[in-house]
Structure formats: C-alpha cells, structure tokens
Amino acid sequence: MFVQKHEVPLSGIPCLQYKRALEKEREEKIKLKEEPPEQPSENGLLLSNGDQSSPPALPSARIETAQENKAQQSLSYAQVQEYCKKLFHFKTIKVLRFKSWSARRKFTKQRKRNKQLQRPTLPEGTKLITFPIQSSGTEADGVTTGPRSKKEWIMNPSGKSYVCILHEYVQHALKKQPCYQFKELENAGTPYAATVIINGMQYGMGYGTSKKQAKSEAARATLEILIPEMRDKIREDAAQNVQSGSGGRSVGSSGTVGSMRRNSLDEPDLSLFDEIKIEDPRVAELCAKTNEPPPYAILLTCIQRNFGLGEMQIKYEVNTLRHQKNEFTMTVNKHTAKVVCKNKRDGKQRASQAILQ
571 MFVQKHEVPL
581 SGIPCLQYKR
591 ALEKEREEKI
601 KLKEEPPEQP
611 SENGLLLSNG
621 DQSSPPALPS
631 ARIETAQENK
641 AQQSLSYAQV
651 QEYCKKLFHF
661 KTIKVLRFKS
671 WSARRKFTKQ
681 RKRNKQLQRP
691 TLPEGTKLIT
701 FPIQSSGTEA
711 DGVTTGPRSK
721 KEWIMNPSGK
731 SYVCILHEYV
741 QHALKKQPCY
751 QFKELENAGT
761 PYAATVIING
771 MQYGMGYGTS
781 KKQAKSEAAR
791 ATLEILIPEM
801 RDKIREDAAQ
811 NVQSGSGGRS
821 VGSSGTVGSM
831 RRNSLDEPDL
841 SLFDEIKIED
851 PRVAELCAKT
861 NEPPPYAILL
871 TCIQRNFGLG
881 EMQIKYEVNT
891 LRHQKNEFTM
901 TVNKHTAKVV
911 CKNKRDGKQR
921 ASQAILQ
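The numbering used here numbers the first residue of the sequence shown as 571 and each following residue consecutively.
(1) Determine the extent of the beta strand (DSSP E) in which lysine 908 is found, giving its start and end residues.
(2) I'd like to know whether the C-beta atoms of alanine 867 and methionine 900 end up nearer to each other than 8 angstroms.
(3) Taking the alpha carbon of serine 780 as the point to measure from, which residue in Leu755, Ala791, Ile633 has its own alpha carbon closest?
(4) Would you tell me roughly how many angstroms separate the C-alpha atoms of valine 902 and cysteine 872, rounded to the nearest one?
(5) So, is glycine 774 buried or exposed, given that buried needs 16 or more other C-beta atoms within 10 angstroms?
(6) Just to confirm the assignment, what range does the beta strand (DSSP E) spanning glutamate 605 have?
(7) Isoleucine 699 bridges to which residues according to DSSP?
(8) In three-state terms, what does DSSP make of threonine 826?
(9) Which residue's Cα is closest to the Cα of leucine 744: Phe752, Ile767, Met800?
(10) Is the Cβ-Cβ distance between alanine 784 and alanine 763 less than 8 angstroms?
(11) Helix, strand or coil for glycine 776? Go by DSSP, reduced to three states.
(12) Drop a sphere of 10 angstroms on the beta-carbon of glycine 620, count the other beta-carbons inside from all chains shown, and report buried for 16 or more, exposed for fewer.
(13) Count the other CB atoms within 10 Å of the CB of threonine 765; is the residue buried (16 or more) or exposed (fewer)?
(14) Tell me the DSSP secondary structure of proline 579 in three-state form.
(15) Among the residues of its own chain, which have a CB less than 8 angstroms from the CB of glutamine 643, if the five just before and after it don't count?
(16) Assign tyrosine 886 to one of two classes, buried (16 or more other C-beta atoms within 10 Å of its C-beta) or exposed (fewer than that).
(17) Tell me which same chain residues have a C-beta within less than 8 angstroms of the C-beta of tyrosine 739, skipping the five on either side of it?
(18) On the DSSP bridge list, what partners appear for glutamine 751?
(19) Could you name the residues that DSSP lists as bridge partners for isoleucine 925?
(20) Could you work out which residue in Pro865, Pro693, His737 is closest to isoleucine 925 when comparing CA atoms only?
(21) Looking at the structure shown, is lysine 676 part of a helix, part of a strand, or coil, going by DSSP?
(22) So is serine 728 buried or exposed if we call it buried at 16+ other beta carbons inside 10 Å?
(23) Quick check on DSSP: helix, strand or coil for lysine 885?
(24) According to the Cβ coordinates, are isoleucine 848 and glutamine 747 closer than 8 angstroms?
(25) DSSP puts methionine 771 in a beta bridge; with which residues?
(26) If you count every other CB in all the chains shown that lies within 10 Å of the CB of phenylalanine 660, and 16 or more means buried, which is it?
(27) Comparing C-alpha positions only, which one of Met771, Phe898, Lys914 sits nearest to alanine 907?
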C-alpha cells in the first residue's frame, strides 16, 4: 500500500474510525454538561425544561467545503504512521539504491573485496587447542638433538572427530603416527576393543559395537591422557565426578589394563530409538548420525555369529517400478523380504530391517 502518495480513507482503518467516533461522542456529552440553562423568552415560553410548552428543537446545520470534508474523512501519511507507532514496533532498514546494474555490481564487488581484506574472526565461544611443535632434529628414540622449537600450533577442534584431533595433535606435537590395535571380545554389547599405540607405548582403550566406534572411544581416551584439559575445555557436557564413577577393565590373557570406562553422563543419548519402530525408514539415517551400526551391518554380524547353521549367503534382486522406484528383494536362508525403495543402498537397509524383526 503506497501510503506516501495516496490518502487513506478513515473507513479503511475501522479501529481508528471507531475510536474517533467514541471521542467525538464523549466531547459532545461534556459540551452539553458545560452549557448554562436556557432563560425564558419574552413570550413566557421556556426554550428548555419547564412547565410551559417549548418549540421543537431543530438540529444544528453545518457548512463545510469538499476539501474540509475530505480532510476529516481521510488520513495522511504522517497520521497513519503516528497511529501505527502506537500499536507496533518499527525497525529502520537502510535500502541502497543504484542508478544502474553496473553501479550495483561495482558496489557488491567492492564490498566483497573489503570483506576479504579484513582479518578473519572465529565465532564467539570457539575453543582452540594450542601446543608447541617439536623440532625436526630428533633421533629415532625420540631424544631431541637440535635446539628446542619455539613455534606453536593452534588447532580448532570444532567439527572434527576425536580420531582427527588425535592424529593432528600427534603428528605436529610428537612427529609420530598413532597406531590402532583391535581385539574381538566375547561381549554381545561391545564386541570390539581398540587400543591406541604411539611410539610403542600403549595409551587409551575404547570399546564399541563396531571397530569404528571402538576406535573413536580409544582416541577420546588418549586425548584425555595427552591433553588433561580436553575434558573441561572441549567437551561441555563433561561430568565433574568422572573419576568417582569410572574403573578399569582387563582384557584377554595378557592381562593388559585398558582405560577407564565412559561415565553414564558421557554416553550418547539413544532414547530417541525407543519411540521409533523397527520398520521405520529413518533408522539407517539416525544410526549414521548417532555413530551406531546400521541395520545391514547388524545383519552381517548376526550371520557371522550364526555361521555353520545353514546357508547364510545374502541374495539380492532389484526390479524397476514406476515413478522412479525399485522393488528390492533380499533373501537370507529361509528369510525373504521385499521393500520398495529409491535405490539399492536404501533397499539393503530397509530389507535388513524387515529380516531382523
């Protein structure tokens, strides 16, 4: 609505019109109360209240021009803005106007160039890891022969996994490459264990339902050993009483003691899966986000554990349907599942869900 160029009729804003009518009625009542009582005329007739008869009151006439009537029944831009300011909060926006598209492109390029010349800044609350870099003059056994380096490496851990942070830290600070040693345990909950070995020395150990999860937990435990402030400065959800509720565990016949188990407050919240059905198509995506094994990986694990009980080879069959959809058929021994999917990858996960239930 172009209020600046056109006048708005008062009836176009019903609330304001009603408010003005009430104010006008209130003023008329006050005016009648303030008027003095009328005196009797020469003929002995009262013009107002009295015992004698009075002539009928005539309505007062009013003469106004068309411009005056239009001004009373319409609102200008300033009046509409003043009324709206009483009801709403306004925000001033600066709009840039250009004479041509070339001027606009020139301004946009100049603003991008000025932004690139500015010093880049990190978001507020970003936590960095700073550590000295070991000098290159070291021998094989780790003894420094050259002068000690004064350089420092600054690492931003946001958006990086524990494995990535550990590798970057060890490569720059110790000039070594971490190695991982995996073991299979007789535990249905956490059948895999991983140990981090740096320069022949064993550090943290982690457990998980897959080798990937065990590797991530081992890297996390190693970071807490190498960087004691990792728990407080990087992990915001760390518990203050971790040492009180954690303990060690011995694995295998060699008697090596692993790192501390995760506290219950540090474990990922998997309560979301309690409200999702087994055949829900979002299970594979949620498993990937929570670092849990997908349905197809669980099916492979079940086949490996039941090896020797019959034919455990997985057979696939894909049939193309209408509307860019496919019918995926999976057969494992006597179990067969048919699902409608977008592609083969989606079909494998959904068919595995159907067989596992």
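Idealized CB from N, CA, C, for every residue including glycine.
On the basis of the supplied data:
(1) 905-911
(2) no
(3) The option with the nearest alpha carbon to serine 780 is Leu755.
(4) 11 angstroms
(5) buried
(6) Glutamate 605 -> no beta strand (DSSP E), and no H or E assigned at all.
(7) Met725
(8) Annotation note: pLDDT 31 at threonine 826 (below 50); position unreliable, coordinate value reported separately. DSSP places threonine 826 in strand when its eight states are reduced to three.
(9) Ile767
(10) yes
(11) strand
(12) Legend: pLDDT at glycine 620 = 49, less than 50; position of this residue unreliable, value from coordinates given subsequently. Under this definition glycine 620 is an exposed residue.
(13) buried
(14) Reduced to three states, the DSSP call for proline 579 is strand.
(15) Pro579, Leu580, Ser581
(16) The C-beta of tyrosine 886 has fewer than 16 other C-beta atoms within 10 Å across all chains shown, which makes the residue exposed.
(17) Ile699, Phe701, Met725, Leu793, Leu796, Ile797
(18) Thr765
(19) None; isoleucine 925 has no bridge partner.
(20) Pro865
(21) helix
(22) Serine 728 should be labelled exposed.
(23) Residue state, collapsed to three classes: strand.
(24) The criterion of a C-beta distance shorter than 8 angstroms is not satisfied by isoleucine 848 and glutamine 747.
(25) When beta bridges are read from the DSSP output, methionine 771 appears opposite Ile768.
(26) Counting Cβ neighbours within 10 Å, phenylalanine 660 comes out exposed, since fewer than 16 surround it.
(27) Phe898
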